[in-house]
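One structure is given below, encoded as structure tokens.
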Ligand code: CTP
């Protein structure tokens, strides 16, 4: 997949905090995606990590002073400010935030901020008392008025030994904020429910029936929707994946629990995407004690689970009308089965998924899907990274919303 950040010009401003060492990792990650990263450091920042580290990681010259242009060269701060697609400041100290809020231009970083018209992402990092001080909060509020995006710091143990809010966010959070700034916000004001992963149907305290769904596709859909500005509620069966940043995640185990949580949240949703591999059946009884081996076979009465999506499809015509998207997990007759489910479950879109292909089955990082919409229009997608596949599915959903 061609990275969303490939060839993007990113100006990366760094002010002096112990968190500068984390910024080194961010610059490395950004450069790996193909972004063209130019680092600008304040004097204080260079005391923590040398500019050589950032020059090596970014592959570009690092700027630290106001008067570095050679004779005849354009003025550095105007040039750098004019050329960038995105301006990041991380870590942003209380001092730098105060300068930005008040229009100071007494070092290269603050001058660039004043001269730039690029989208600004500010990642504060400081002691928790400094962060919560009314002066810092007023300065941050002012930056929001200037349409800077502020990514709130994390809570936890700080380098000074205090505990509280002020820790620079992790790369995963920063990555999502950066990708989001290059993504059209076409799901803004939409509330989206996404289900993901398998469900597990217990029959004694130690064992359950389940399936091999990894949740990767559903989590990619959740990240992608969040990046496009949606409010995302991710209802997930057991997986080994961490909660995507900025997403409300509700963990469930069984199909009955997933059913209950979907129904609780359904009325507030504009779009429901059921990518979970919901178990169709469950053992009727859960033994209180572990079932001992001994006999040749055991009797398990298996009963059907509610079909969550079908139930939503039936309600669709009577209530507020969230757009409904289903996934069809198929091993044969893919298109026919997909169409049947689209119709039977009264869906707006079905994503048909081959579960036995080498690169398309459970647990893979890639997927090849076919989309059929409510007008029976078929769109065949090539083999893609699940991340990119999610992106195209949302493109389709956005069109269906119109
Ligand atoms: N689904 C659901 N509740 C169930 C079973 C499935 O909401 N009890 C949803 C899935 O999340 C998916 C769609 O229905 O979006 C189709 O699921 P799939 O397993 O492909 O089809 P089934 O309807 O279960 O039929 P079959 O297993 O016979 O193919």
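Residue numbers (the numbering used here): 2 to 403.
C-beta atoms are modelled at their ideal positions from N, C-alpha and C, and glycine is treated no differently.
Small disclaimer: the values here were computed from a predicted structure and weren't measured.
Pick from the options that is closest to residue i, judged by C-alpha positions
i	options	result
residue 355	345, 370, 346 and 289	370
residue 238	258, 245 and 223	258
residue 279	349, 5, 143 and 305	305
residue 108	43, 348 and 290	43
residue 39	303, 49 and 8	8
residue 268	349, 231 and 324	324
residue 179	86, 261, 262 and 50	86
residue 234	195, 115 and 365	195
residue 53	22, 30 and 80	22
residue 117	397, 99, 88 and 224	88
residue 382	372, 30 and 12	372
residue 276	92, 253, 13 and 236	236
residue 376	364, 357, 365 and 397	397
residue 91	15, 264, 223 and 392	15
residue 143	94, 281, 99 and 4	99
residue 260	220, 244, 312 and 249	312
residue 169	326, 18, 402 and 6	18
residue 395	188, 264 and 265	188
residue 29	57, 113 and 49	57
residue 322	302, 138, 119 and 270	270
residue 110	136, 145, 81 and 138	81
residue 264	222, 218 and 317	317
Residue interval of the alpha helix (DSSP H) (run including residue i)
i	result
residue 130	129-133
residue 341	335-345
residue 30	21-33
residue 312	309-316
residue 57	52-59
residue 115	109-116
Pairwise C-alpha distance: residue j and residue i
i	j	result
residue 173	residue 228	13 Å
residue 379	residue 400	14 Å
residue 307	residue 294	31 Å
residue 342	residue 351	8 Å
residue 385	residue 368	6 Å
residue 345	residue 191	26 Å
residue 206	residue 240	19 Å
residue 255	residue 300	21 Å
residue 20	residue 101	19 Å
residue 83	residue 226	30 Å
residue 331	residue 337	10 Å
residue 360	residue 128	47 Å
residue 1	residue 203	Only positions 2 to 403 of the chain appear in the structure, and residue 1 is not among them; the question remains open.
residue 166	residue 130	8 Å
residue 339	residue 286	32 Å
residue 216	residue 35	28 Å
residue 388	residue 348	23 Å
residue 406	residue 335	The structure shown does not extend to residue 406, since the chain spans only 2 to 403, so no value can be given for it.
residue 333	residue 362	13 Å
residue 247	residue 175	11 Å
residue 393	residue 59	31 Å
residue 298	residue 292	11 Å
residue 242	residue 281	23 Å
residue 32	residue 55	11 Å
residue 68	residue 51	19 Å
Bridge-paired residues (DSSP) for residue i
i	result
residue 192	232
residue 155	168
residue 327	275 and 351
residue 7	Residue 7 is not bridged to any residue.
residue 283	304
residue 368	385
residue 16	In the DSSP output, where bridge partners are listed per residue, residue 16 has none listed.
residue 215	Answer is none; residue 215 lacks a bridge partner.
residue 150	122
residue 261	None, per the DSSP bridge assignment.
residue 332	According to DSSP, which records beta bridges pairwise, residue 332 is partnered with nothing at all.
residue 380	372
residue 267	Paired residues: none, contrary to the question.
residue 197	237
Limits of the beta strand (DSSP E) - the one that residue i falls within
i	result
residue 350	350-355
residue 208	208-210
residue 252	249-252
residue 86	No beta strand (DSSP E) contains residue 86, which DSSP labels as neither H nor E.
residue 100	Counting along the chain, residue 100 falls outside any beta strand (DSSP E), though it belongs to the alpha helix (DSSP H) covering 95-103.
residue 361	Premise fails: residue 361 is in no beta strand (DSSP E) and is neither H nor E.
residue 42	37-42
residue 121	120-125
residue 425	There is no way to answer for residue 425, as the model of the chain reaches only from 2 to 403.
CB contact check: residue i to chain D, cutoff 8 Å
i	result
residue 327	No chain D is present in this structure, which holds just one protein chain.
Is the region 192-210 close to the region 155-168, with three or more CB pairs under 8 Å?
-> no
Indicate whether the contact test is met: 3 or more Cβ pairs, each with one atom in the region 115-129 and one in the region 145-153, closer than 8 Å.
-> yes
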